[in-house]
Amino acid sequence: MDATWAVAGALLGVLLGPALRGVVVRHAVPSGEPPRSACPDCQQRLPTWRALGAFSARCPSCRTPLTTPLVLELAAAAVLALVLGRFAGQWDAAAYAFLGALGVALAAIDARVQRLPDRLTLPAYPAAIALFTVAAVVDADMAALGRALLGGLALAASFYLLVCLRPGDLGTGDVKLAGLLGLAFGWLGWPVLVLGTAAGFLFFGLTSIGLLIARRVTLSSQLAFGPFLLAGALVSVVTL
Ligand SMILES: [Zn+2]
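First residue of the sequence shown? That's 124 in the numbering used here, and the numbers climb one at a time after it.
Structure below.
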């Protein structure tokens with residue numbers, strides 16, 4: 124872990140917070156609805172995510188809270204500090220920083236509305252593959268790129284099988300997220316893919332049991348799986 128890069132990552136996370144908030148507010152809508160472009164309370168048009176830094180936690184006109192203040196800034200700062208500290212100055216850091224920042228927004232959306240919108244996961248494939256390709260060309264490591272692509276295919280296929288076997292437990296959004304994480308795992312190696320995926324299921328299982336014991340949920344409650352899959356991915360990518 125490189126301290127200088129970790130500090131740079133934390134600063135980048137804080138700066139990206141308002142843009143991520145824009146992404147979360149726009150995309151945390153029920154399935155089938157268009158992205159939100161106006162305040163749910165006063166219908167005033169909201170700034171787009173492109174207005175980097177302009178997106179506060181409250182509606183600019185009626186002050187209705189749009190998201191919990193500081194949560195996205197702190198989450199992005201923590202994730203990017205870990206990721207940039209881990210990949211300090213390497214070319215693959217860009218791919219992991221991109222997936223880390225996207226992961227923060229996806230986890231927040233999944234926790235709010237229990238979905239991982241295609242509008243965010245699908246365009247992330249060409250972006251992540253392009254970033255890994257640049258790293259593979261610069262580092263002359265085509266084997267890693269091949270492994271990343273195979274990892275993405277393998278994990279998406281495995282999750283698709285799980286969705287077919289147990290519909291309701293996982294959604295197709297989880298399949299598309301799994302493919303993205305498979306890319307990130309595969310780049311680092313097959314053990315990371317196996318352990319990273321297992322960590323996601325472990326975090327989900329432990330949290331579910333904890334909530335059941337605390338009687339915060341019942342057996343029929345639906346808990347979003349995406350945040351746990353992302354947390355497992357972060358821990359394994361940073362530590363393995
Ligand atoms: Zn408003």
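For every residue, glycine included, the Cβ atom is placed at its ideal position computed from N, Cα and C.
Does DSSP put arginine 181 in a helix, a strand or coil? The residue you call residue 181 lines up with position 58 of the sequence shown. It is a strand residue.
Between the beta-carbon of phenylalanine 221 and the beta-carbon of leucine 254, is there less than 8 Å? Within the sequence shown, residue 221 is the residue found at index 98, counting from 1. Within the sequence shown, residue 254 is the residue found at index 131, counting from 1. Taking C-beta atoms as the reference points, phenylalanine 221 and leucine 254 count as a pair closer than 8 Å.
Under the rule that 16 or more other beta-carbon atoms within 10 Å means buried, what is threonine 187, buried or exposed? Mapped onto the sequence shown, residue 187 falls at position 64. Per the 10 Å Cβ criterion, exposed.
Rounding to the nearest angstrom, what Cα-Cα distance links serine 179 and leucine 306 in this structure? Sequence index remark: in the sequence shown, residue 179 carries index 56 (1-based). Sequence index remark: in the sequence shown, residue 306 carries index 183 (1-based). Distance between the alpha carbons of serine 179 and leucine 306 is about 33 Å.
Would you call aspartate 215 buried or exposed, if buried means 16 or more other Cβ atoms sit within 10 Å of its Cβ? Counted from its first residue, the sequence shown places residue 215 at position 92. Classification of aspartate 215: buried, given that the 10 Å Cβ count is 16 or more.
DSSP state of tryptophan 128 mapped onto helix, strand, coil: Numbered from its first residue, the sequence shown carries residue 128 at position 5. Helix, per DSSP.
Would you check if the distance between the CB atom of leucine 303 and the CB atom of tyrosine 248 is smaller than 8 Å? Position 180 of the sequence shown, counted from the first residue, corresponds to residue 303. Position 125 of the sequence shown, counted from the first residue, corresponds to residue 248. Yes, the Cβ-Cβ distance between leucine 303 and tyrosine 248 is below 8 Å.
Among Leu169, Ala230, Leu197, Cys185, the one whose alpha carbon lies nearest that of valine 244: Here residue 244 refers to the residue found at position 121 when the sequence shown is read from its first residue. Checking the sequence shown, residue 244 turns out to be threonine, not valine. The shortest C-alpha separation from threonine 244 is found at Ala230.
Endpoints, the alpha helix (DSSP H) within which leucine 284 is located: Here residue 284 corresponds to residue number 161 of the sequence shown, with the count starting at 1. That run of the alpha helix (DSSP H) goes 265 to 288.
Determine the contact status of valine 236 and alanine 356, defining contact as a CB-CB distance below 8 Å. Here residue 236 refers to the residue found at position 113 when the sequence shown is read from its first residue. Here residue 356 refers to the residue found at position 233 when the sequence shown is read from its first residue. Going by beta carbons, valine 236 and alanine 356 fall outside the 8 Å limit.
Pull the bridge partners of proline 188 from the DSSP assignment, please. Numbered from 1 along the sequence shown, position 65 holds the residue referred to as residue 188. In DSSP, proline 188 forms a bridge with Arg181.
Threshold first: 4 residues or longer. Then list the alpha helix (DSSP H) segments lying entirely within the stretch 286 to 320, N to C. Runs found: 295 to 311.
Who are alanine 161's beta bridge partners in DSSP? Sequence index remark: in the sequence shown, residue 161 carries index 38 (1-based). Looking at the DSSP assignment, alanine 161 forms a beta bridge with Arg168.
Span separating the alpha-carbon of aspartate 264 from that of alanine 258: Counting from one through the sequence shown, the residue named residue 264 turns up at place 141. Counting from one through the sequence shown, the residue named residue 258 turns up at place 135. Rounded to whole angstroms, aspartate 264 and alanine 258 show a C-alpha spacing of 8 Å.
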